[in-house]
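Inspection log for the structure reproduced underneath, given as C-alpha cells.
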Amino acid sequence: MNPNQQRKKVLKQRSKNRKKNQKSKKKIEQSQKLKNEKQADILYEKAVNFAQMFEYEKAIQNFSQALKLSPNNTKIMDEMAITLLENGFAEESLNLLNKSVKLAPNINPTKYLYLAQLSEGFESIILFKKALELLFQEKEQIENKNQNENQIENENQNQIENENQNQIENQNQIQNEIQIQIENQNQNENQNEIENKNQIQIEIQIENKNQIQNQNQNPDLISISNKIASVYCSMTEIYMTDLCYEEDAEQNCEDFLKKALEISPNNIEVLLSFSNLRITQQKNEESLNFLTQSLNLWHQPLSQKNTKEKTIQIENNKDVQNQTVIDLPDIQIRIQTCKLLIELNKPEIAKDILIQIIKENNTLAEVWFLLATVYDFLKDFLRAKKCAQKAKSLIQDFEFEDQDILYKIDELYSSLKGKKIENQNQNQNQNDDDDDIDIDINFNIDLNHEMEDDDYNDDNDDNDEDDDEIMEIDEN
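The sequence shown begins at 1 in full-length UniProt numbering and counts up by one.
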C-alpha cells in the first residue's frame with residue numbers, strides 16, 4: 001500500500017470514529033436533556049404548590065432551579081413571571097414574559113394579558129388582541145370537542161329513543177291483545193294503566209332531554225367565554241383612560257362591551273363595565289339599570305340574609321354561619337360595585353356590601369375609606385370619622401404607598417372635622433334597625449390608637465368620649 005492510500009485509509013477511519021463519537025455524544029445529550037426536563041417538571045410542580053400556599057420565596061427558588069434545567073421551557077417562564085409580578089418584581093417578570101413570547105408566540109394567552117397590564121395605550125391594546133386571538137382558538141377547540149361529544153351523545157340518545165319506541169310498540173301490541181280479551185271486564189282499569197305508562201315514558205324523554213341540555217353547558221366553554229369577556233372589559237378600560245382622547249374611543253368601548261355581553265351573557269364584570277361607561281356618558285339611569293342587573297346575580301341584602309339564616313337556625317337547630325347561599329364575586333369586583341353605587345347615590349346598598357367585605361377581610365384600607373364615604377353621605381359623621389381613622393391606620397401599619405388613597409382619606413377627614421355631630425342618639429336608633437350598622441368588635445378597631453398624623457386628632461371636645469369608643473356591629 002503506497003503512502004497516499006494509507007493516508008486515505010487513516011483519514012476515512014478518523015471520519016468514521018468522529019461520526020461515531022458525535023452520534024454517541026448526541027445520545028448522551030438527549031438522555032441528559034430528558035432527565036433534566038423530568039427533574040424540571042418535578043421542581044415546577046413543587047414551585048406551583050408553594051405559590052398556592054403563599055410561600056413565594058420557595059416558589060421562586062424552585063422555578064429558578066427548574067428553568068436552569070430546562071432554559072427554554074415557556075411554561076416555567078410564564079408561571080415564574082406571574083409569581084414574580086405578584087411579588088413586586090415587575091422588571092424580572094417582564095423579561096421572562098418577553099422571552100416566552102419570542103420562544104412560543106402562539107402558546108398561552110395568559111402571558112399576553114400580563115404583558116398588556118405592564119404596558120400602556122396602544123401597546124396594551126395590541127397585546128390584548130393577541131391574547132384574544134389565542135383565546136378564540138382555544139374556544140373553537142373546546143366547541144369542536146363539545147360538538148363531537150354531543151354528536152356521539154345524540155346518536156346514543158337516538159338509539160335509546162328508538163329502543164324505547166320499539167318497547168312501547170311491543171307493549172302497546174301486547175296491551176291491545178290483552179284489552180281485546182278482557183275489554184268487557186276491566187276496560188277502565190286497562191285504560192288507566194296505558195295512560196300511566198305513557199306518562200312515565202314522557203317523563204323519561206323530558207329527563208333525557210334535560211340531561212343533554214345540561215351537558216351542552218360545558219364548564220370549560222363557560223370559563224373561556226368569561227376570560228374573553230374580561231379581556232374586552234380590559235380593552236374598554238384602556239380606551240376610557242389612556243386612550244380616552246382618541247376619536248373612536250367611545251365607539252370602541254361600546255363595541256367591545258357588546259361583544260363581551262354577547263359571548264358571556266349575565267357576566268358581572270361586563271355589566272359593571274357597561275355601568276361605568278354609562279356614567280361617563282352621563283346616562284345615570286342606564287348605568288343604574290346595568291348595575292342592578294349585576295347586583296341581581298349575586299347580592300343578597302344583609303337584612304334578608306340575617307332573616308334567612310335565623311330561620312334556618314330555628315328549623316335545623318344548628319349553626320349555619322359559614323353556609324353560603326350565593327357565591328360572591330371577587331372582592332375587587334365588589335369594591336368596584338360599591339364605587340358605582342356611591343356615584344349613583346345608592347349608599348345603603350354599598351354599605352351592606354362593604355360591611356360584608358370587612359367581615360371577610362378587615363385589612364383593606366380602600367374598603368374602610370369607602371365605608372367612611374358612605375357614612376358621610378348618610379350624615380353619620382361619627383362613624384364616618386372612625387372608618388377614616390381605621391383606613392389611615394391601616395395605611396400606616398402596613399406601609400402602603402398608595403398616595404392617591406391617602407390623599408382622599410386626608411381630604412375626607414378634614415371635611416368631617418367641620419361637620420358637627422348632632423342628634424347622634426337619633427341616628428343610632430334609626431340605624432339599629434339594620435342589624436349591621438356598626439363595625440364588629442372582633443375587627444380590633446381601637447379608637448385610642450394614636451395616629452401619626454396630627455390632623456386626625458379631634459379638636460371638638462364634645463366628641464372626645466365618642467372617639468374613645470370601639471365600634472361594634474349591633475347584632476340585635
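We treat Cβ as the ideally placed atom computed from N, Cα and C, and that holds for glycine.
For residue i, name the three-state secondary structure that DSSP assigns.
i      : result
ILE212 : In this predicted model, ILE212 has a pLDDT of only 40, less than 50, meaning its place in the structure is not dependable enough to derive any value.
ASN260 : Reading off the sequence shown, one finds Ala at residue 260, where the question assumed Asn. In the structure shown, ALA260 sits in a helix (DSSP, three-state: H, G or I).
GLN22  : helix
LEU34  : helix
GLN300 : coil
TYR407 : helix
GLU86  : helix
PHE443 : Low confidence applies here, because PHE443 scores a pLDDT of 40, under 50, leaving its location unreliable; read the following figure in that light. If DSSP states are grouped into helix, strand and coil, PHE443 belongs with the helices.
PRO71  : coil
ASP435 : In this prediction, ASP435 has a pLDDT of 40, which is less than 50 and means its spatial position is unreliable; what the coordinates show is noted afterwards. ASP435: coil per DSSP, three-state reduction.
LYS223 : This sequence places Ser at residue 223; Lys is not what is there. Three-state result, SER223: helix.
ASN425 : Its pLDDT being 45, under 50, ASN425 is placed unreliably by the model, and the measurement read from it follows with that caveat. Helix, per DSSP.
MET53  : coil
ASN148 : helix
LYS351 : helix
ILE76  : helix
ARG14  : helix
ALA365 : helix
THR280 : helix
LYS92  : Reading the sequence as shown, one finds Glu at residue 92 and not Lys. Helix at GLU92.
ASP242 : coil
GLU247 : coil
LEU118 : coil
GLN3   : Sequence check: residue 3 is Pro here, not Gln. Note: PRO3 maps to helix in three-state DSSP.
LEU346 : Note that residue 346 is Lys in the sequence shown, not Leu. Here LYS346 sits in coil by DSSP.
LEU103 : helix
GLN323 : Because GLN323 sits at a pLDDT of 42, beneath the cut-off of 50, its placement in the model cannot be relied upon, and the point is left open.
ASN108 : coil
LYS27  : helix
LEU291 : helix
ASN98  : helix
ASN172 : helix
LEU378 : coil
ASP41  : helix
LEU113 : helix
Are the beta-carbon atoms of residue i and residue j separated by less than 7 Å?
i           : j      : result
ASN130      : ILE224 : It is Lys, not Asn, that sits at residue 130 in the sequence shown. It is not a contact, given that the beta carbons lie outside the stated cut-off.
TYR56       : ASN87  : yes
PHE128      : SER234 : yes
GLU120      : ASP242 : yes
ALA59       : PHE50  : yes
LEU406      : ILE395 : yes
ILE268      : LEU297 : yes
SER70       : GLU37  : yes
LEU84       : GLU92  : yes
ASP78       : LYS27  : no
ILE76       : TYR44  : yes
LEU97       : LEU113 : no
LEU341      : ILE349 : yes
LEU344      : LEU261 : no
LEU370      : PRO347 : no
ASN46       : LEU135 : Here residue 46 turns out to be Lys, not Asn, going by the sequence shown. No. Outside cutoff.
ALA391      : TRP368 : yes
ASN218      : ASN146 : yes
VAL231      : LEU132 : yes
residue 477 : GLN336 : With the chain running from 1 to 476 in the structure shown, residue 477 is simply not present.
residue 506 : SER124 : This structure leaves residue 506 out entirely; the chain is present only between 1 and 476.
ALA388      : ALA365 : no
VAL374      : LYS351 : yes
Assuming residue i and residue j make a contact with CB atoms under 8 Å, what is their CB distance in whole Å?
i           : j      : result
residue 532 : LEU328 : Examination of residue 532 is not possible in this model, given that the chain is present from 1 through 476 alone.
LEU277      : LEU295 : With a Cβ gap of about 17 Å, LEU277 and LEU295 do not count as contacting.
THR74       : ILE107 : 6 Å
ALA229      : ILE263 : 6 Å
ALA90       : LEU118 : 6 Å
ILE409      : ASN361 : Not a contact, Cβ separation roughly 18 Å.
LEU416      : ASP376 : 6 Å
Distance cutoff 7 Å, beta carbons only. Does residue i sit that close to anything in chain C?
i     : result
PHE54 : Absent from the structure: chain C. Only one protein chain is present.
Within the segment 122-168, ranges of the beta strand (DSSP E) (whole runs, at least 3 residues): none
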